[in-house]
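Note sheet for the following structure.
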Amino acid sequence: MMKTTCSKHISLYKSTCWNLEHYKLRKYPKYQSSTKKLKFFGHGFSSQPIISMPASSSSSPMLLDFHFINYRPPPQNTEARSNSSILAYLGAEAPLAEDLESIGFLTDNAPWFKALLVYIEHRFYGKSIPLGSMEKAMKNKTMRGYFNLAQALANYAEILLHVKDKFSAQSSPVIVVGGSYGGMLTSWFRLKYPHIALVALASSDPILYFNHITPQHGYYSIVTKDFKVKSEHCCQIIRKSWFEIDKVASKPNGLSILSKRFKTCSPLNSSSELKDYLNYVYTLAAQYNSPSNYPVTEICNGIDKVPKGTDLLGRIFVGVVSYKGDNSCYDPLEYAYPSEACIGWTWQTCSEIVMPIGKSHLSSNDTMFPPSPFILLDFIEYCESSYGVSPRPHWITNYGCHDIKLVFQRFGSNIIFSNGLRDPYSSAGILLDSACYFLPSITKLRSHCLDILPAGKSDLSYLVAQRKIEVEIIEGWIKQYYADLYAIRK
């Protein structure tokens, strides 16, 4: 398998790779729901003709298959009519199967909207990978040229039109839902295909993390703030630990000492291996700092409440144990093993979606992390050596990023940009109220994509309120749509 890297929140040319969807399910089992309560209505593959050929290709067009699944509300509820709503989940950088159990907004609200549910997989992920494997697809220069954002959006459009035609639902309003990169997709889909999608719910959508619109350290600044709010002492201990790790590593047998102190499952090869591991522990804890366990609280309680006399690195290790559990050993490469989804995301970041997320230079570093800025020239070198392509940082802004408030005053509507201010990606979210909606009064405590996960009895009031408001806004847009439809047909 080719060497690839994958990470949304560090310089992508480093040897790291992790999958947020796997993490979400493993860390928060209470959010796992089931589509079994809905009636399975069918699934299929849609053969989508290639829209455009790569510039360097002389091959003739081909057909690619894309996976989608339909569900209807259960029999005890009013059956969806031909003009009832369609709730569509737009799959992102992961196999569709991983999202069926973790995305609850559709299943929770299908009976209320009397809606047909449609889950669509992103091209080149899961069952929609061509040539049988991601490895083969990525080695084929012609094939991977079809792995791009414009054609992914076109796939969603074709499948939704197919579903509307199949169920004679041409008048049914479509609500598209997605989170994180999927949130970008939903907002872009509403802007590009307004005749298909009436509403877009874009959860934790970092749509402004491109081309110097958002400071590259924005993500890490919020991670730091999350820890500082919980405990200033904890934040300072973490800030000091990076130098201490390098100091110990520089000693004779230093790496062996660190391996023993942190109970690593295999000997450390460098201090960077340990620091990258801790980087992931802290950033994921902040990004998914959700009830009922609150990972940031777990880490800081471990760091702050150790016995008197515990040294700095001892505190750091207790914080890891408090969060990860008392294990026989800890794998420093836990987040570094490549997956097919990781390989796909790396190609996307090299070819189109250049997110310059990094940590500030030493002179301006306001985070608890060591300086590690995103350096475009290094990233270009990595992408050219891996794929033979040069990243285009400005390309993605063609979908609409600059002067976003001015743009949305004149174009664009019916998009809910839902952000939680505890989420590091909210640093690049749309935090304004225009023709679109942002809900600042009830999202200060929310973490990444929490509003579209399944509702639970223990959900806090701010989350319950946010979901309620989102549904009410969508209801209002649907009501207006039907009024306009009736007036036109009258």
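The end of the sequence shown is residue 490 by the UniProt record's numbering, with every number in the run present.
Idealized CB from N, CA, C, for every residue including glycine.
Residue interval of the beta strand (DSSP E) (run including residue i)
i	result
alanine 487	Looking at the DSSP string, alanine 487 is not in any beta strand (DSSP E); the run it does join, the alpha helix (DSSP H), is 461-489.
alanine 137	Per DSSP, alanine 137 belongs to no beta strand (DSSP E); it is in the alpha helix (DSSP H), 134-139.
leucine 117	116-120
tyrosine 89	86-90
leucine 201	199-203
Rounded distance between the beta-carbons of residue j and residue i, thought under 8 Å
i	j	result
isoleucine 196	leucine 87	That pair is no contact at about 14 Å.
leucine 185	leucine 90	5 Å
alanine 92	tyrosine 219	That pair is no contact at about 18 Å.
lysine 263	tyrosine 330	6 Å
methionine 368	threonine 224	5 Å
isoleucine 380	serine 390	6 Å
isoleucine 396	glutamate 352	6 Å
glutamine 216	proline 373	7 Å
isoleucine 452	isoleucine 103	6 Å
cysteine 449	glycine 179	4 Å
glutamine 287	serine 447	6 Å
leucine 117	asparagine 70	7 Å
aspartate 108	proline 338	Contact doesn't hold; Cβ gap of about 34 Å is too wide.
serine 221	aspartate 366	6 Å
alanine 94	alanine 341	5 Å
For residue i, the first and last residue of its enclosing alpha helix (DSSP H)
i	result
glycine 314	312-324
glycine 182	181-192
leucine 100	96-100
isoleucine 404	404-410
phenylalanine 417	Here phenylalanine 417 belongs to no alpha helix (DSSP H); instead the beta strand (DSSP E) covers 415-418.
tyrosine 156	149-166
phenylalanine 113	105-113
valine 296	295-304
aspartate 423	Here aspartate 423 belongs to no alpha helix (DSSP H), and DSSP marks it neither H nor E.
leucine 258	254-261
alanine 285	271-287
glutamine 236	232-249
Alpha carbon of residue i to alpha carbon of residue j, nearest angstrom
i	j	result
alanine 152	serine 172	22 Å
serine 427	leucine 131	38 Å
cysteine 383	glycine 344	13 Å
phenylalanine 243	lysine 359	16 Å
tyrosine 387	isoleucine 303	42 Å
alanine 137	isoleucine 129	7 Å
glutamate 444	leucine 278	The sequence shown places lysine at residue 444, rather than the glutamate named in the question. Roughly 26 Å between the two C-alpha positions.
leucine 313	serine 458	35 Å
serine 84	lysine 114	6 Å
leucine 333	tyrosine 462	36 Å
tyrosine 486	glutamate 475	16 Å
lysine 30	serine 292	At lysine 30 the pLDDT is 38, less than 50, meaning the model places this residue with poor confidence; the figure from the coordinates comes in the next sentence. Rounded to the nearest angstrom, the two C-alpha atoms are 9 Å apart.
alanine 249	phenylalanine 210	36 Å
isoleucine 120	proline 307	51 Å
cysteine 265	proline 356	32 Å
phenylalanine 189	asparagine 301	43 Å
alanine 55	arginine 392	Low local confidence applies: a pLDDT of 36 at alanine 55 is under 50, so the model's placement there is unreliable, and no value is given.
lysine 247	leucine 106	51 Å
alanine 285	valine 318	15 Å
isoleucine 478	alanine 200	12 Å
histidine 67	cysteine 350	25 Å
aspartate 99	lysine 251	46 Å
valine 320	valine 281	8 Å
glycine 429	serine 187	12 Å
residue 542	isoleucine 238	It is not possible to answer for residue 542, since the shown part of the chain is limited to 1 through 490.
isoleucine 473	tyrosine 481	12 Å
alanine 336	serine 290	24 Å
glycine 183	leucine 149	13 Å
tyrosine 125	threonine 346	12 Å
residue 500	valine 464	Outside the shown range of the chain (1 to 490) lies residue 500, about which nothing can therefore be said.
arginine 123	threonine 283	28 Å
leucine 421	lysine 490	45 Å
Count Cβ pairs between the stretch 200-209 and the stretch 158-169 that sit closer than 8 Å; are there 3 or more? no
Is it a yes or a no for the stretch 271-278 touching the stretch 245-258, going by three-plus beta-carbon pairs under 8 Å? yes
Is it the case that the stretch 292-307 contacts the stretch 226-239, given that we only count it when at least three CB pairs across the two stretches are under 8 Å? yes
Taking 8 Å as the threshold, find out whether the stretch 464-475 comes into contact with the stretch 186-195 through three or more Cβ pairs. no
Per the contact definition of three or more C-beta pairs closer than 8 Å, is the stretch 409-426 in contact with the stretch 142-150? no
Unbroken alpha helix (DSSP H) runs of length 4 or more, entirely within the stretch 337-398: which are they? 340-351, 376-387
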